[in-house]
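What follows is a set of notes on a single structure, which appears directly below.
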Amino acid sequence: MYSPGKDILESLGLSPIISATGTVTAYGGSRLRPEVMDAMNRASNTMVNMDELNLAVGKQIAAATGAEAGMVTSGAAGGLILQAAAVVAGNDPIRMKKLPDTNGMKNEIIIHRSHRFPYDQCYLSVGAKFVEIGDGRRCQPWELEGAFTENTAAVAYLFSPFITRRALPFEYVCEVAHSKGIPVIVDAASYLPPRANITRFIKEGADMVIYSGGKGIKGPQGTGVLCGRSDLIEAAYANASPHQFIGRGLKVAKEEIIGISKALEIFLSEDEGEENKRYQQMCDQIVDALIEIPGVGLQTKCDPYDYLIPTALITFDLDRNGLSRDQVWEQMVAGDPPIYLSNFGTPDELAVDPFNIADSELEMVIARLRELLIQK
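Okay, so the sequence shown: first residue is 12 according to my numbering, each after it adds one.
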């Protein structure tokens with residue numbers, strides 16, 4: 012398999028993979044735009060006042076998202092840490108210096124049990140404490156109403172495939188929280204595209220929203236885009252590098268800040284219809300090549316919740332005479348090159364997400380899938 016970076020990986024004893032699982036960080040995130048690499052290279056040869064650079068790009072982020080203010084973070088995870096620091100300690104240097112000791116501070120973050128996920132430890136790392144609502148499958152309005160205390164700092168809300176719909180409606184959560192003077196902080200790391208989501212959550216009432224810079228935007232993998240109320244962004248930035256507080260280790264280089272600025276500019280200018288047309292054509296090729304194989308169902312799905320771009324789904328029949336879903340996934344990874352499919356959906360389903368699949372890789376994905384799906 013040809014890959015422009017293959018020689019670099021081989022010098023380290025590694026080989027390229029094919030990522031058909033979307034923009035998962037563990038498999039490289041997304042492909043960095045050439046224009047972004049050029050901008051980062053040019054930025055590396057100049058010096059700049061970092062406060063001024065952050066302020067300038069923050070204004071660009073605010074304009075793009077419809078928020079009052081914005082800033083670049085060290086990935087979406089870094090953005091979660093700064094969200095928590097902002098709502099717990101604000102920009103009070105005495106409180107900021109105490110973190111993660113939050114004794115005497117409003118340190119409770121209300122979160123749906125269904126929205127608990129590994130990255131929410133970022134909130135806890137600041138010293139925040141969770142107040143869970145719901146049973147993991149559903150939540151009643153009275154559970155939210157009864158969760159607020161004198162120590163409530165924020166309500167956290169997660170937009171993520173296969174998770175979001177098991178919670179109270181977002182706009183309702185914002186309405187209740189705001190009626191009590193409490194901000195709503197949102198993790199929408201993987202919810203771009205569609206591009207409409209870049210302004211959606213602020214419009215619907217979010218006080219802070221974090222997006223990954225290295226997923227759908229195709230910026231530097233280590234960046235995040237944080238937007239929201241000006242006072243909260245000011246507090247988040249006060250807690251962040253280059254300042255000497257809990258976010259000091261969350262450094263974002265000038266090259267990365269310039270890179271995400273360029274990536275965001277390009278992202279917003281692209282034709283999403285043409286982009287989805289290409290993804291749809293790729294999925295059509297996959298479905299057409301595999302549709303007649305017994306024991307599996309094929310379809311292309313695109314919706315506002317779980318499959319945000321056209322995605323080819325393979326559903327395994329319960330009485331199928333052949334390799335199981337997990338066996339197919341494992342053998343796809345064990346091949347040369349390793350091919351990673353999405354297995355985040357239902358237990359009987361694999362998905363081929365075309366976001367990171369190069370045109371030259373598609374036939375290889377199809378051929379390997381066909382070989383394994385017909386295997387007894």
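Glycine is no exception: its CB is placed at the ideal position from the N, C-alpha and C atoms.
Non-local beta-carbon contacts of Ala95 in its own chain, meaning distances under 6 Å to residues more than five positions away in sequence, involve Tyr134, Val137, Ala139 in chain order.
Note on geometry: alpha-carbon atoms of Val307 and Asn332 lie some 10 Å from one another. Residue pairing by DSSP puts Gln310 in a beta bridge opposite Leu324. For Glu286, the enclosing alpha helix (DSSP H) covers residues 283-301. For a cut-off of 8 Å, the C-beta gap from Pro349 to Ile28 is around 5 Å, short enough to register as a contact. Contiguous beta strand (DSSP E) elements confined to the segment 136-188 occur at 140-144, 163-169, taking only those with 3 or more residues. A Cβ-Cβ separation of about 6 Å places Gly258 in contact with Leu93 under the 8 Å criterion. Within the same chain, and ignoring the five residues on either side of Val298 in sequence, the residues whose Cβ sits closer than 8 Å to its Cβ are Leu309, Gln310, Thr311, Ala323.
Looking from the CA of Leu319, the closest CA among Asp364, Glu360, Thr326, Leu275 belongs to Asp364.
For the pair of segments examined, the segment 169-179 was found to touch the segment 111-129: the number of CB pairs separated by less than 8 Å reaches three. Three or more beta-carbon pairs separated by less than 8 Å link the segment 273-289 to the segment 203-216, which places the two stretches in contact. Taking the C-beta atoms as reference points, Ala50 is found no nearer than 8 Å to Lys229. Under the Cβ criterion (8 Å, minimum of three pairs), the segment 43-61 does not count as touching the segment 372-385. The beta carbon of Val344 sits closer than 8 Å to those of Ile350, Tyr351, all from its chain and outside the five residues before and after it, given in chain order.
Following the DSSP letters along the chain, one finds Glu360 inside the beta strand (DSSP E) bounded by residues 360-363. Contact annotation: Ala188 and Gly145 have beta-carbon atoms that are not nearer than 8 Å.
Excluding residues up to 5 positions away in sequence, Val195, Gly216 lie with their Cβ nearer than 6 Å to the Cβ of Cys185 in the same chain. Shown here for Lys262: same chain residues with a beta carbon closer than 7 Å to its own, the five before and five after excluded, namely Ser85, Ser252 in chain order.
Around the beta carbon of Asn65, 16 or more other beta carbons lie within 10 angstroms, which makes this residue buried. Taking the CA atoms as reference points, Val59 sits about 8 Å from Lys265. A distance below 7 Å between beta-carbons, with the five flanking residues on each side excluded, links Phe173 to the following residues of its chain, in chain order: Asp317, Phe355, Gly356. Contact between Ala100 and Cys238 does not hold, since their C-beta atoms are separated by about 20 Å, which reaches or exceeds 8 Å. For the 8 Å CB-CB criterion, Asn114 and Asn162 do not form a contact. In this structure, the straight-line span from the alpha carbon of Ser335 to that of Gln296 is close to 23 Å. Around the CB of Thr234, 16 or more other CB atoms lie within 10 Å, so the residue is classed as buried. In the structure shown, Ser190 adopts helical secondary structure according to DSSP, grouped into three states.
Between Ser353 and Leu361, the alpha-carbon positions lie close to 6 Å from each other. For Ala31 against Ile368, the beta-carbon gap comes to about 6 Å, under 8 Å, which counts as contact. If one requires a minimum length of 4 residues, the alpha helix (DSSP H) runs lying completely within the segment 55-101 are 61-76, 86-100, in chain order. Per DSSP, Val376 is one residue of the alpha helix (DSSP H) stretching across 370-384. Within 10 angstroms of the beta-carbon of Ala246 lie 16 or more other beta-carbons, which makes it buried. Beta-bridge partners assigned by DSSP to Cys238: Gly81, Val220. Beta-bridge pairing by DSSP links Leu352 to Ala31. A direct Cα-to-Cα measurement between Ile19 and Thr36 gives close to 19 Å. Straight-line measurement puts the Cα of Asp314 at about 39 Å from the Cα of Arg53. DSSP places Val197 in no alpha helix (DSSP H) but in the uninterrupted beta strand (DSSP E) bounded by 195-198.
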